[in-house]
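>
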Amino acid sequence: MAELATIARPYAKAVFDLAKSDNTLPQWSRMLAFLAVASADPKVRTLLDSPDLSAEEKSSRLADVCGDELNDRARNLVGLLAHNKRLDAIEQIREQFEEHRAEEERVLDVEVITAYELSAEQSEKLRAALQRKFDREVSVTGRVDRDVIGGAVIRAGDTVIDASLRGRLDKLTEALQRN
Amino acid sequence: MQQLNPSEISDIIKRRIESLDVHAEAQNEGTIVGVSDGIVRIHGLADAQYGEMIEFPGGLYGMALNLERDSVGVVILGDYEGLSEGMTARCTGRILEVPVGRELLGRVVDALGNPIDGKGPLNASDTAAIEKVAPGVIARQSVDQPVQIGLKSIDSMVPIGRGQRELIIGDRQIGKTAIAVDAIINQRDSGIKCIYVAVGQKMSTIANIVRTLEEHGAMDNTIVVAAGAAMPAPMQFIAPYAGCSMGEFFRDRGEDALIIYDDLTKQAWAYRQISLLLKRPPGREAYPGDVFYLHSRLLERASRVNADYVEQVTNGEVKGKTGSLTALPIIETQAGDISAFVPTNVISITDGQIFLEADRFNAGIRPAMSPGTSVSRVGGSAQVPFMRKISGGIKLALAQYRELAAFSQFASDLDEATRRQLQHGQRVEELMKQDQFKPMSVAEMGVSLFSATEGYLRDVPVDKVLEFEQGLLAYMKSEHAEFMDNVNETGAYNDDVVAEMKQAIEAYKATVSF
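Printed below as a string of structure tokens:
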């Protein structure tokens, strides 16, 4: 069985290309986010998973739930997904759409995990350094986790820079345990 | 009571802490999305390479084998019970490596090169990737030096050269491992380093082999790589490659090494298990499509390399020496069926095979090698002249004997010539019997075979042949020690050698009566 991400890929690419040519990237972002949230709702979920409803009924109900948030093209997307029985993939489509958009606009979301809240100055310094390293417009989100003890763990997608005291201690533990 | 172990001395701990390299570097991380029977699926890890080591929490490692668009399939090298969905996994940027070097001689290690014999850490300075590409055409040299196995039947009929791949094939419990162990024992003084790779075997069997090797003083130049039946399938799959890298260390330094894969059938089973769990399509006998490549890439690495290659690899440290890695893979057949998938594959890859037959084994002919179906495609040119000249007629005599024996069952009276040929064959076959753990030197084998080919056994009853041989060799050792040493050293065959042998055998025969 193919994974949802694999299924979602061509849809995300198509939506992105469309949005790019229309210059409606932010609008599509909003619509997809709304769709993702709506379809994740337990009540809507039961509706979408129901075997009693036809594809047309499902798509029109989901579109109704979203109301004015969707434009005609987004409604068409929902119709297409329902027809292809791919309504499950909406969340993945949104994620991949956002990845495409970040790549296009050369921005990068970076999560910085520290033991204590970063000061504005520290945060700015870190942002500038990361911007140089990744060659992207970086937006930093901070998170506080006492487990880190000191230093910081920086996460950008798959890439992780572990400069925390916890990480060093873990490495030390491992080195000492090795025979 | 809790005990301190030797590595916990504070000085050692201090040194380790000092030498620890802790700097932050960008790493690729992924999340485990599924764990099943030693196979882990990981989301993320976009930078993973094929065969790369993947690190899991708790110092556990895996090997990336399936690289797909959205996930990576990893086999776990070790205990996978502690892993669960949602844990993070990291790329290490390293292809799987094992320690190599002289420090491993005399040791028993697992498939990752960790010592499991309780003799302390290895302290090996070098490591090598387990998967390497075999030397190319330019780096190779033809096989022209012998590996003496020490068994009359093998060294005379299917001689093995340094750098050759000779398959040992036969049913279970028929003496395949016995030949391999004899081969190792005979390298005690030959300078050939041995690597014994045990795949999917009982740990008790492996312990027995190690003890046997120790008893015969052969363990000092032997490395045992053990991936027992209780080890996870990935360990059994990589063990032969790991052993091969350890052997290549010697080959690439202008030395000779002998590696035994015991056995590749079980390695193919382990690989089949991994492949099916990784959801690769099954083919014939449910093996994956690349099971031929599994063995061919392993056996290609056994080779003889020329002096230029050795000089290049060692950066000029070793000059003018060729290196070799000889491989003796073992394959187990079911009821003598050599036309099954894996046996045919390996037969076609190797430079010949030693085929062991259940009938011969049960008839008391041990080693139970079948002279008709066993061949060595390159070893003949590697034989020492002494052995080549003397053993020339042996295979023919046995082949003719078997044919005649089948016919003569129906004949009531035989003519004199046929009867003599039958009797000669019977004696040669009897002479091919040899006890386990009693390898013979070139001179011993030569003298004993010479007595058969020259007809000195004609008046010795068949059941006394081995007794005659024993007596003759004891006589040669005491009365002609210098001659024996000389033959072992030079391997020369000329009129003087023949004359001395004739004279000695006649003298011996005069002293005994059968």
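Line by line, the protein sequences are chains A and B.
Take the first sequence: its position 23, counted from the start at 1, is 23 in our numbering, and no numbers get skipped.
Remember, our numbering sits 1000 above the position in the second sequence when you count from 1.
Beta carbons are placed, not taken as given, at the ideal position from N, Cα and C, and that holds for glycine.
Which of the three DSSP states is assigned to Ala1218 of chain B in this structure?
Taking the second sequence and counting its residues from 1, one reaches residue 1218 of chain B at position 218. The answer is coil: DSSP assigns Ala1218 of chain B none of H, G, I, E or B.
> Taking the straight line between their C-alpha atoms, what separation do you get for Glu1215 of chain B and Ile1209 of chain B?
Looking up residue 1215 of chain B in the second sequence gives position 215. Looking up residue 1209 of chain B in the second sequence gives position 209. Computed Cα separation, rounded: 10 angstroms.
> Quick one: what's got a C-beta closer than 8 angstroms to Thr1031 of chain B's C-beta in the same chain, skipping five residues either side?
Locating residue 1031 of chain B in the second sequence gives position 31, counting from the first residue. Correct list, in chain order: Ile1042, His1043, Gly1044, Gly1086, Met1087, Thr1088, Ala1089.
> How about Leu1299 of chain B and Cys1194 of chain B: are their beta carbons less than 8 angstroms apart?
By 1-based counting over the second sequence, the position of residue 1299 of chain B is 299. By 1-based counting over the second sequence, the position of residue 1194 of chain B is 194. Cβ distance not < 8 angstroms, so Leu1299 of chain B and Cys1194 of chain B don't count as in contact.
> By how many angstroms is the C-alpha of Arg143 of chain A removed from the C-alpha of Ala1207 of chain B?
Taking the first residue of the second sequence as position 1, residue 1207 of chain B is located at position 207. Taking the first residue of the first sequence as position 1, residue 143 of chain A is located at position 143. Ala1207 of chain B and Arg143 of chain A: Cα-Cα distance of roughly 54 angstroms.
> Thr159 of chain A touches chain B at which residues, Cβ-Cβ below 9 angstroms?
Numbered from 1 along the first sequence, position 159 holds the residue referred to as residue 159 of chain A. Result: Ala1026, Gln1027, Asn1028, Glu1029, Ala1046, Asp1047.
> Jot down the residue ranges of each uninterrupted beta strand (DSSP E) in the segment 1373-1406 of chain B, minimum 3 residues, whole runs only, in chain order.
Taking only runs of at least 3 residues, no beta strand (DSSP E) segment lies wholly in the segment 1373-1406 of chain B.
> Chain B beta carbons: is any one of them nearer than 8 angstroms to that of Asp109 of chain A?
Here the question's residue 109 of chain A lines up with position 109 in the first sequence. For Asp109 of chain A, the answer is no, since every Cβ of chain B falls outside 8 angstroms of its Cβ.
> For Ala5 of chain A, go through chain B and note every residue whose CB falls closer than 9 angstroms to its CB, in chain order.
Within the first sequence, numbered from 1, the residue matching residue 5 of chain A stands at position 5. The contacting residues are His1043, Arg1069, Asp1070, Ser1071.
> Below 8 angstroms on C-beta distance, what does Leu1020 of chain B contact in chain E?
In the structure shown, chain E cannot be found, because the protein chains are A and B.
> Can you grab the Cα-Cα spacing for the pair Asn1114 of chain B / Lys85 of chain A, in whole Å?
On the second sequence, position 114 is the one that residue 1114 of chain B refers to. On the first sequence, position 85 is the one that residue 85 of chain A refers to. Approximately 51 angstroms, taken between the alpha carbons.
> Grab me the residues of Leu35 of chain A's own chain with a C-beta within less than 6 angstroms of its C-beta, minus the 5 sequence neighbours each way, in chain order.
Translated into positions along the first sequence, residue 35 of chain A becomes position 35. Around Leu35 of chain A: Ile90.
> With 8 angstroms set as the bound, which would you pick, yes or no: does the beta-carbon of Ile1013 of chain B sit closer than that to a beta-carbon of chain A?
Taking the first residue of the second sequence as 1, we reach residue 1013 of chain B at position 13. Closer than 8 angstroms: yes.
> Tell me Ser164 of chain A's beta-bridge partners as DSSP assigns them.
Position 164 of the first sequence holds residue 164 of chain A. Per DSSP, A:Gly151.
> So, with DSSP's three-state summary, where would you put Leu1277 of chain B?
Reading the second sequence from its first residue, position 277 is the one you call residue 1277 of chain B. Three-state DSSP puts Leu1277 of chain B in a helix.
> In chain order, what residues of the same chain have a beta carbon less than 8 angstroms from the beta carbon of Ala38 of chain A, not counting five sequence neighbours either side?
Indexing the first sequence from 1 puts residue 38 of chain A at position 38. For Ala38 of chain A, where only same-chain residues beyond five positions count, the Cβ hits under 8 angstroms are Val44, Leu62, Val65, Cys66.
> So, helix, strand or coil for Gly1425 of chain B, using DSSP?
Counting from one through the second sequence, the residue named residue 1425 of chain B turns up at place 425. The answer is helix: DSSP assigns Gly1425 of chain B an H, G or I state.
> Could you tell me which chain A residues have their CB closer than 7 angstroms to the CB of Arg1016 of chain B, listed as they occur along the chain?
Here residue 1016 of chain B is taken as the residue at index 16 of the second sequence, counted from 1. Under the 7 angstroms cutoff, chain A gives Ala175, Leu176.
> Quick one: using the 10 Å Cβ neighbour count with 16 as the cut-off for buried, is Pro1371 of chain B buried or exposed?
If you number the second sequence from 1, residue 1371 of chain B lands on position 371. With 16 or more Cβ atoms within 10 Å of its Cβ, Pro1371 of chain B is classed as buried.
> Could you tell me the boundaries of the beta strand (DSSP E) in which Glu1332 of chain B lies?
Translated into positions along the second sequence, residue 1332 of chain B becomes position 332. 1323-1332 is the extent of the beta strand (DSSP E) around Glu1332 of chain B.
> Which runs of the alpha helix (DSSP H) fall wholly inside the segment 1403-1480 of chain B and span at least 4 residues, in chain order?
Runs of the alpha helix (DSSP H) inside the segment 1403-1480 of chain B: 1416-1431, 1442-1453, 1465-1479.
> Mind the definition here: the segment 1175-1190 of chain B touches the segment 1400-1420 of chain B only if three or more C-beta pairs lie below 8 angstroms; say whether that holds.
No, the segment 1175-1190 of chain B does not touch the segment 1400-1420 of chain B.
> Check whether the Cβ of Asp162 of chain A lies closer than 8 angstroms to any Cβ atom in chain B.
The residue given as residue 162 of chain A occupies position 162 in the first sequence. Closer than 8 angstroms to some Cβ of chain B, the Cβ of Asp162 of chain A qualifies, so yes.
> Apart from the five residues on each side of it in sequence, which residues of its chain come closer than 6 angstroms, Cβ to Cβ, to Asp1351 of chain B?
Taking the second sequence and counting its residues from 1, the one referred to as residue 1351 of chain B is at position 351. Once the five neighbours on either side are set aside, the close Cβ partners of Asp1351 of chain B are Gln1164, Arg1165, Arg1377, Val1378.
> Helix, strand or coil: which one does DSSP assign to Ile1039 of chain B?
Translated into the one-based positions of the second sequence, residue 1039 of chain B becomes position 39. It is a strand residue.
> Please look up how many angstroms separate the CB atoms of Lys1321 of chain B and Val1310 of chain B, rounded, as I've assumed it's under 8 angstroms.
By 1-based counting over the second sequence, the position of residue 1321 of chain B is 321. By 1-based counting over the second sequence, the position of residue 1310 of chain B is 310. Rounded, the Cβ-Cβ distance is 6 angstroms, consistent with contact.
> Rounding to the nearest angstrom, what Cα-Cα distance links Met1 of chain A and Lys1279 of chain B in this structure?
In the first sequence, residue 1 of chain A corresponds to position 1, counting from 1. In the second sequence, residue 1279 of chain B corresponds to position 279, counting from 1. Interpretation of Met1 of chain A is limited by its pLDDT of 44, a score under 50 that renders its predicted location unreliable; no figure is taken from the coordinates.
> Using 8 angstroms as the threshold, is the segment 1355-1367 of chain B in touch with the segment 1410-1425 of chain B, meaning 3 or more CB pairs across them?
No: the two stretches stay apart, fewer than three of their Cβ pairs being nearer than 8 angstroms.
> In whole angstroms, give me the CA-to-CA distance for Ala1507 of chain B and Glu1444 of chain B.
As a working mapping, residue 1507 of chain B is identified with position 507 in the second sequence. As a working mapping, residue 1444 of chain B is identified with position 444 in the second sequence. Approximately 17 angstroms, taken between the alpha carbons.
> Leaving out five residues on either side along the sequence, give the residues of the same chain with a beta carbon under 6 angstroms from the beta carbon of Ala55 of chain A.
As a working note, residue 55 of chain A is residue 55 in the first sequence. Here the set comprises Ala82, His83.
> Along the alpha helix (DSSP H) that carries Phe1237 of chain B, what are the first and last residues, could you check?
Your numbering for residue 1237 of chain B matches position 237 in the second sequence. Element bounds for Phe1237 of chain B: 1233-1251.
> Excluding the 5 residues preceding and the 5 following Leu1067 of chain B in the sequence, name in chain order all residues of the same chain whose CB lies nearer than 7 angstroms to its CB.
Position 67 of the second sequence, counting from 1, holds the residue named residue 1067 of chain B. Excluding sequence neighbours, Leu1067 of chain B sits near Ala1048, Tyr1050.
> Nearest CA to the CA of Pro1461 of chain B: which residue from B:Pro1240, B:Ile1154, B:Val1035, B:Leu1431?
Reading the second sequence from its first residue, position 461 is the one you call residue 1461 of chain B. It is B:Leu1431.
> Distance check for Asp1262 of chain B and Val1109 of chain B, CA to CA, integer angstroms please.
The residue labelled residue 1109 of chain B in the question sits at position 109 within the second sequence. The residue labelled residue 1262 of chain B in the question sits at position 262 within the second sequence. Taking the straight line joining both Cα atoms gives about 15 angstroms.
> With DSSP collapsed to three states, give me the class of Phe1355 of chain B.
For the purposes of this step, residue 1355 of chain B is taken as the residue at position 355 of the second sequence. DSSP places Phe1355 of chain B in strand when its eight states are reduced to three.
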